[in-house]
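In this note's numbering, the protein residues as written are 176 to 652. Notes for the one structure printed next.
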Amino acid sequence: MFVSHSLEQKHQATAHLATTMSFLQLANAELEARLLTALDQNPALELVEELRCPECGRRLRKLPCPSCAAPREDDMPVVYLSPREPTYGRADDDDEREWRLEAEAPERLDEYILRQIGPALTPVERPIAAYLLARLDEDGLLPEAAAEAAAFQRARLSDVERVLALIQHADPPGVGARSPQESLLIQLECLAESAEPTARTIIELAGLIVRDHFQALGKMEYAHIARVLRRPLPRVEEAARFIQRNLTPYPALAAWGEGRKARAQVMSDSTLRRADVNISVLNRGNTNSLMVEVFTPLSGWLRVSPEFKAALAKCAEADREKWSQAVTEANLVAKCVQQRNHTMRRLMQIIAAEQRAFILGGDGDLLPFTRAHIAKTLGLHESTISRAVAGKCAALPDGRIVPLAKFFDRSLSVRDRVRLIIVGETRPLTDDQIVEELARQGVHVARRTVAKYRKMLGLLPATMRARRARARRVQVR
DNA sequence: CTATGGCACGGATT
DNA sequence: AATCCGTGCCATAG
176 MFVSHSLEQK HQATAHLATT MSFLQLANAE LEARLLTALD QNPALELVEE
226 LRCPECGRRL RKLPCPSCAA PREDDMPVVY LSPREPTYGR ADDDDEREWR
276 LEAEAPERLD EYILRQIGPA LTPVERPIAA YLLARLDEDG LLPEAAAEAA
326 AFQRARLSDV ERVLALIQHA DPPGVGARSP QESLLIQLEC LAESAEPTAR
376 TIIELAGLIV RDHFQALGKM EYAHIARVLR RPLPRVEEAA RFIQRNLTPY
426 PALAAWGEGR KARAQVMSDS TLRRADVNIS VLNRGNTNSL MVEVFTPLSG
476 WLRVSPEFKA ALAKCAEADR EKWSQAVTEA NLVAKCVQQR NHTMRRLMQI
526 IAAEQRAFIL GGDGDLLPFT RAHIAKTLGL HESTISRAVA GKCAALPDGR
576 IVPLAKFFDR SLSVRDRVRL IIVGETRPLT DDQIVEELAR QGVHVARRTV
626 AKYRKMLGLL PATMRARRAR ARRVQVR
C-alpha cells in the first residue's frame, strides 16, 4: 500500500516532469494551450500582471525596456522576452520550399490532390484515384496510359479517364500528365481559363508550339518553328519565353517553385505563419544592433500563488496532501517555462549574432552552422538545441518568416549562389562551368552536387536552358 | 566525347 | 542509432 502509493506519486511526478521538460520543443501556440489548461486545473498556479515600459508602452517581462535602453556596445544582439502578441506573416517562398522538402514524401502530394478532388469522387472512383495517385512519379507525372490503369484495376476506361481528368485539373497544374509535353499542355489549358483576353493569343501560340514542335522548342530552334507555323519570329520567341517563365515540365517541383502564384491564392491561410521570435534592427545613433524578441504566449509571468501557499500551512489535514502536490506541480510548470525562456534567449542570441549577415542580407549570406556547435558554446546537449529549434519560426527584419531550422542549412547559401549564377548567365553554363564559377567565389563543391542543387531549384540543365539572361523571380521583391 | 542523371557509399549531423 | 547530404562511379543520351 505504502510502496504502491509512493510509486504512483513518483510516476506522476515523472510524468509531469516529462511533459514539462518538453516545453522547450513546443512552439508558442502549443505552449499557450498547455499553460492555459495548467492555469485552469491547478489552483496553486497564478498569472501575475504584466509590466509595461513607461516610455514606449511595450509589454515587458522586466525593466528596463531593451528597445528604449542604450544599445549594447559589444555588438551582441539584445534579446528579451516579449509577451506581446506574436507577429503573423506570409512565409517567404524559400521557406515553403524548406517545409516541402522536409516533408517531401510523395504521399504528401497524393493527399494534397486527394483533398481537392475527394468530394467529387464516387465510391467506384475512389480506389481508382488512390491507385493513380500512388503511381505518380516524383515529378508528378503518370507514366502509364489510362487503359493500362483500367486493365490493372479492372475498372471501366471511362471511369479512369474521368478521374484522371480531375487529377490533371487539380492544383499543382499539370500533375498526372503522361509526359512533360502533355503536362505543359494541361498547364496551358489551366492558364487559359483564367487568362486575360490579351494573353489568349500568346497562350494559343504556345499551345501550338508545345503540341507540334516540342522537340524544336527544346533545341531553341525558334526560327524553324516560326517558318513552319508562318508566324513572326518575335512572336514565337515571346511564346517560348512565356512557356519558360510560366510552365514547368515537372509539376510536382512547381508546387513549391514557380507555381506559387497560383498556389498563394489557394493556400492563403496555411502560408500565414505565426512567428515565435521576432528579429528587428535597432537604429539608434549609428549602431544598428539586432534586437530579438522571444514571444511568450501569456502576457505576464507564472508563479505559485503566495496566498495559496499560506493557506496550505493551515488547511485541513485531509486536503494537505492534494494541495501540496498542486504546489509542487505549479512550481515545476513555472520553473520549466522559465527554463524554456532562458534557453530560447541564449539560443537566439547566439543565432542572431552568428547569422547577422543572413538576417540583414539574403540567403546567400547564410553561414554554415550546426546545432552541435551551438550546443557546445552554450554547454547544452545537442538534442536540447534540436528541440528548441524544431517547429519554430522567426520573423526577420525584412518581413520574411523563416523556420529556425533554416539557420542551420548547410547548403542554402551555395544553392542560392547556384541560382544567382544561372539567373545571371549570358550563355547556358554547364554544371562543370558552374563548379568553376563557384570555386572562383571560394566555394568548392563537386559537379554532381551542383546538378542536385539545380534540380532542387527546379532549373533545367544547361542544354535546355535559353541563353537569354532573364530575371526569374527577382520581380517578387 | 561531353554533359547529366541514377545508385549507392561514407561521413557528418541530429 | 537513424537520417541526411555530398560525392564518386558508371550508364546513357546527344
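The beta carbon of each residue, even a glycine, is placed where N, CA and C say it ideally should be.
The alpha helix (DSSP H) that contains Ala527, what's its start and end?
As a first step, residue 527 must be located in the first sequence, where it is residue number 352. Glu492 to Glu529 is the extent of the alpha helix (DSSP H) around Ala527.
Would the region 450-459 count as touching the region 571-581 if we require 3 or more Cβ pairs under 8 angstroms?
yes
Do you know offhand how far Leu256's Cα is from Ser197's?
If you number the first sequence from 1, residue 256 lands on position 81. If you number the first sequence from 1, residue 197 lands on position 22. Approximately 19 angstroms, taken between the alpha carbons.
Determine contact between the region 591-611 and the region 468-488, defined as no fewer than three beta-carbon pairs at a distance below 8 angstroms.
no
Just grab the DSSP bridge partners of Val452 for me.
For the purposes of this step, residue 452 is identified with residue 277 of the first sequence, where counting begins at 1. Looking at the DSSP assignment, Val452 forms a beta bridge with Val469 and Ala569.
Go ahead and label Leu211 buried or exposed: buried means 16 or more other beta carbons lie within 10 angstroms of its beta carbon, across all protein chains shown.
Translated into the one-based positions of the first sequence, residue 211 becomes position 36. It counts as exposed.
Tell me whether Asn203 sits in a helix, a strand or coil according to DSSP, three-state version.
Position 28 of the first sequence, counted from the first residue, corresponds to residue 203. Reduced to three states, the DSSP call for Asn203 is helix.
Evaluate the contact criterion for the region 212-219 versus the region 496-505: three or more CB pairs, one atom per stretch, below 8 angstroms.
yes
How about Asp607 and Ala626: are their beta carbons less than 7 angstroms apart?
Counted from its first residue, the first sequence places residue 607 at position 432. Counted from its first residue, the first sequence places residue 626 at position 451. No; because the gap between Cβ atoms is not below 7 angstroms, this pair is not in contact.
Report buried or exposed for Ser558, applying the criterion of at least 16 other Cβ atoms within 10 angstroms of its Cβ.
Taking the first residue of the first sequence as position 1, residue 558 is located at position 383. Exposed, because fewer than 16 other Cβ atoms sit within 10 Å of the Cβ of Ser558.
For His556, count neighbouring Cβ atoms within 10 angstroms of its own Cβ and tell me buried if that reaches 16, exposed if not.
As a first step, residue 556 is located in the first sequence; it is residue number 381 there, counting from the start. That one is exposed.
Any chance the region 510-527 sits against the region 482-491, with 3 or more Cβ pairs inside 8 angstroms?
no
Residue span of the alpha helix (DSSP H) that contains Leu332, given as start and end
Position 157 of the first sequence, counted from the start, is the residue given in the question as residue 332. Taken as a continuous stretch (DSSP letters only), the alpha helix (DSSP H) holding Leu332 covers Leu332 to Gln343.
Identified DSSP bridge partners for Ile576
For the purposes of this step, residue 576 is identified with residue 401 of the first sequence, where counting begins at 1. DSSP, once it has assigned bridges, lists Ala570 as partnering Ile576.
Just how far apart, CA to CA, sit Ala352 and Ala305?
Walking along the first sequence from the start, residue 352 turns up at place 177. Walking along the first sequence from the start, residue 305 turns up at place 130. If you take the alpha carbons of Ala352 and Ala305, they lie about 16 angstroms apart.
Would Arg405 be called buried (16 or more neighbouring beta carbons within 10 Å of its own) or exposed?
Position 230 of the first sequence, counted from the start, is the residue given in the question as residue 405. Its Cβ having fewer than 16 others within 10 Å, Arg405 is exposed.
By how many angstroms is the C-alpha of Val253 removed from the C-alpha of Leu465?
As a first step, residue 465 must be located in the first sequence, where it is residue number 290. As a first step, residue 253 must be located in the first sequence, where it is residue number 78. Leu465 and Val253: Cα-Cα distance of roughly 6 angstroms.
Using the rule of at least 16 other Cβ atoms within 10 Å of the residue's Cβ for burial, across every protein chain shown, is Ser333 buried or exposed?
Numbered from its first residue, the first sequence carries residue 333 at position 158. Exposed, since its Cβ has fewer than 16 Cβ neighbours within 10 Å.
Return helix, strand or coil for Val618, following the three-state DSSP convention.
In the first sequence, the residue the question calls residue 618 occupies position 443. Val618: coil per DSSP, three-state reduction.
From Glu364, Arg515, His399 and Val467, residue whose alpha carbon lies closest to that of Ile418
Counting from 1 along the first sequence, the entry for residue 418 is found at position 243. Considering only alpha carbons, the answer is Glu364.
Would you call the CB atoms of Met523 and Val577 closer than 7 angstroms?
Position 348 of the first sequence, counted from the start, is the residue given in the question as residue 523. Position 402 of the first sequence, counted from the start, is the residue given in the question as residue 577. Not closer than 7 angstroms, so no.
Assuming Val338 and Gln356 are in contact, meaning their beta carbons sit under 8 angstroms apart, how far apart are those beta carbons, in whole angstroms?
As a working note, residue 338 is residue 163 in the first sequence. As a working note, residue 356 is residue 181 in the first sequence. No, Val338 and Gln356 are not in contact; Cβ-Cβ is about 21 angstroms, not under 8 angstroms.
Distance check for Arg331 and Arg301, CA to CA, integer angstroms please.
Taking the first residue of the first sequence as 1, we reach residue 301 at position 126. Taking the first residue of the first sequence as 1, we reach residue 331 at position 156. Going by the C-alpha atoms only, they are around 13 angstroms apart.
Report the CB separation of Leu199 from Thr518 in whole angstroms; it is logged as a contact under 8 angstroms.
Numbered from 1 along the first sequence, position 24 holds the residue referred to as residue 199. Numbered from 1 along the first sequence, position 343 holds the residue referred to as residue 518. About 6 angstroms; that satisfies the 8 angstroms criterion.
Where does the unbroken beta strand (DSSP E) through Leu477 begin, and where does it stop?
For the purposes of this step, residue 477 is taken as residue 302 along the first sequence, with counting starting at 1. It spans Trp476 to Val479 - the beta strand (DSSP E) in which Leu477 sits, taken as one unbroken run.
Excluding five sequence neighbours on each side, which residues of the same chain lie with their C-beta closer than 8 angstroms to the C-beta of Leu296?
The residue you call residue 296 lines up with position 121 of the first sequence. Within the same chain, Leu296 has close Cβ partners Ala304, Val338 and Leu341.
Anticipated Cβ contact below 8 angstroms, Ala415 with Pro407, distance rounded:
To locate residue 415, count along the first sequence from 1; it is residue 240. To locate residue 407, count along the first sequence from 1; it is residue 232. Going by Cβ atoms, the distance from Ala415 to Pro407 rounds to 13 angstroms, so no, they are not a contact pair.
What does the alpha-carbon distance come out to for the pair Ala204 and Met631?
For the purposes of this step, residue 204 is identified with residue 29 of the first sequence, where counting begins at 1. For the purposes of this step, residue 631 is identified with residue 456 of the first sequence, where counting begins at 1. About 31 angstroms.
Is Val223 helix, strand or coil when you go by DSSP?
Residue numbering aside, residue 223 sits at position 48 when the first sequence is read from its first letter. The answer is strand: DSSP assigns Val223 an E or B state.
Hey, Arg629 and Pro603: beta-carbon distance below 7 angstroms or not?
Within the first sequence, the letter at position 454 stands for residue 629. Within the first sequence, the letter at position 428 stands for residue 603. No, they are not a contact pair.
On a Cα-Cα basis, can you pick out the residue from Arg615, Lys581, Thr601 and Val512 that is closest to Ile534?
Numbered from 1 along the first sequence, position 359 holds the residue referred to as residue 534. Ranking Arg615, Lys581, Thr601 and Val512 by Cα distance to Ile534 puts Lys581 first.
According to DSSP, Asn217 sits in a beta bridge with which residue or residues?
In the first sequence, counting from the first residue as 1, residue 217 sits at position 42. Its beta-bridge partners do not exist; DSSP assigns none.
Is it right to say Arg590 is buried, meaning 16 or more other beta carbons lie within 10 angstroms of its own, or is it exposed?
Here residue 590 refers to the residue found at position 415 of the first sequence. When all chains shown are included, Arg590 counts as buried.
Please name the residue in Arg531, Glu496 and Arg410 whose C-alpha comes closest to that of Val467.
Translated into positions along the first sequence, residue 467 becomes position 292. The shortest Cα separation from Val467 among Arg531, Glu496 and Arg410 belongs to Arg531.
Status (buried if at least 16 other CB within 10 Å, exposed otherwise) for Gln616
By one-based count along the first sequence, residue 616 stands at place 441. Classification for Gln616: exposed.
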